[in-house]
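Numbering (the numbering used here), first residue to last: 83 to 423. A virtual CB, placed ideally from N, CA and C, is assigned to each residue, including glycine.
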Ligand code: F6P
């Protein structure tokens, strides 16, 4: 069997480990052959493929990014569509596809599977926002990078007696903020799931400062203060019509400074969180998911995604995967909030 692999959506530490896991298990155990589509759905639509043998995947588990390239191309726009993709699969002798991606990628994979194409999915997102899997690879790395950055911000905060605001990614959920903020000992963690007031934020900052601490405020890019109704977005929409987020930290900092009189600086960690080498946890999870994707092709599990439940790899339908945004539960926030201020 010949399998086409693609990585789509934002890059994520661990993508290469998935590719390696799938190719190694597939070639060594199942006698499968692989090709890579370049730049996600763009390569599928344009018929842009590259070889994916044991040689290409040597030593890549520790490399960040993706050797296949990625894009946020919508496969149903422009020259795309089911017929075009089916034609390209036939042209390259591809029997099935492994689509590694987040919500947008899986939604496209579902439409194509519903139209009869053979696709299995592998969940990917640093945001950890897919309800059908306990953890996604890339999340642990993003949290580690954010924690390291906050440790560094705190030394500057301490030296200058400043309030430091660190903005992290996560789209509409606060997992990266919650975990990195807790690990770094933040005095306030602001997440989309909790519409916190400015009065409350100022109180936490002031109380940490009054105890002689340099306050650290961690804010998720999707946080909406309780006096506002929309998420902060100043960079338009992505290819799937979703607002690009980022910039709320820069907006909060002057308000905190004005209301407390404490000199305040904001840092947006941005794409640094998705860059560089994956942690060992992410490499292992990604490798296991890649191997499971190769098995899922042998088993003909079209329209299903491999996922982590506890410590086991399981299979869930694309519907189930797309159905539930995994938000931070109230109990996890309440537990973290005990440490604020
Ligand atoms: O979904 C992953 C993510 O990193 C989000 O946290 C962030 O909002 C978005 O992607 C950024 O996308 P881009 O790389 O296209 O700017």
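Exercise. Using the Cα positions of residue 361 and residue 183, report the straight-line distance between them to the nearest angstrom.
Key: 19 Å
Quiz item: At what residues does the beta strand (DSSP E) containing residue 388 begin and finish?
Solution: 386 to 391
Exercise. Give a yes or no on whether the C-beta atoms belonging to residue 211 and residue 407 are separated by under 8 Å.
Key: yes
Exercise. Examine the ligand F6P and report whether any of its heavy atoms sits within less than 7 Å of the Cβ of residue 353.
Key: yes
Practice problem: Say whether chain C places a C-beta atom closer than 8 Å to the C-beta of residue 225. | Solution: No chain C appears in this structure, which consists of one protein chain only.
Quiz item: Is it a yes or a no for the region 369 to 387 touching the region 337 to 347, going by three-plus beta-carbon pairs under 8 Å?
Solution: no
Quiz prompt | Exposed unless 16 or more other CB atoms sit within 10 angstroms - verdict on residue 404 | solution = Buried, since its Cβ has 16 or more Cβ neighbours within 10 Å.
Exercise. If I'm right that residue 177 touches residue 111 with Cβ under 8 Å, what's the distance once you round it to whole angstroms?
Key: Incorrect: roughly 17 Å between the Cβ atoms, too far for contact.
Quiz item: At a cut-off of 7 Å, is residue 410 close to the ligand F6P when judged by its beta-carbon and the heavy atoms of the ligand?
Solution: No - the ligand F6P has no heavy atom lying nearer than 7 Å to the Cβ of residue 410.
Quiz item: DSSP state of residue 173, grouped into three classes?
Solution: helix
Quiz item: Any heavy atom of the ligand F6P within a distance shorter than 7 Å of the CB on residue 303?
Solution: yes
Quiz item: Any idea what DSSP makes of residue 336, helix, strand or coil?
Solution: helix
Quiz item: Should residue 207 be listed as close to the ligand F6P, given that the test is whether its C-beta is under 7 Å from any heavy atom?
Solution: yes
Quiz item: Mind checking residue 293: buried by the 16 CB within 10 Å criterion, or exposed?
Solution: exposed
Quiz item: What distance in whole Å lies between the Cβ atoms of residue 272 and residue 283, which are believed to be in contact at a cut-off of 8 Å?
Solution: 7 Å
Quiz item: Residues bridged to residue 245 by DSSP?
Solution: According to DSSP, residue 245 bridges with 346.
Quiz item: What are the uninterrupted segments assigned as alpha helix (DSSP H) that are 4 or more residues long and contained completely in the region 208 to 273, given in chain order?
Solution: 221 to 242 and 257 to 266
Quiz item: Tell me which same chain residues have a C-beta within less than 7 Å of the C-beta of residue 374, skipping the five on either side of it?
Solution: 388 and 395
Quiz prompt | Whole-angstrom distance between residue 268 and residue 421, CA atom to CA atom | solution = 8 Å
Exercise. Measure the CB-CB distance between residue 180 and residue 204 and report whether it falls below 8 Å.
Key: In this structure, residue 204 lies closer than 8 Å to residue 180 by Cβ.
Quiz item: Do residue 326 and the ligand F6P come close, with the Cβ less than 7 Å from some heavy atom?
Solution: yes
Practice problem: May I ask which residues mark the beginning and end of the beta strand (DSSP E) holding residue 115? | Solution: 115 to 119
Quiz prompt | As assigned by DSSP and simplified to three states, the class of residue 403 | solution = helix
Quiz prompt | Neighbourhood of residue 217 by C-beta distance below 8 Å, restricted to the same chain and skipping five residues each side | solution = Apart from the 5 residues on each side of it in sequence, residue 217 sits with its Cβ closer than 8 Å to the Cβ of 210, 367 and 390 in its chain, given in chain order.
Quiz item: Which one or two residues does DSSP pair with residue 397 in a beta bridge?
Solution: 388
Quiz prompt | Member of 300, 275 and 277 whose CA lies at the smallest distance from the CA of residue 229 | solution = 300
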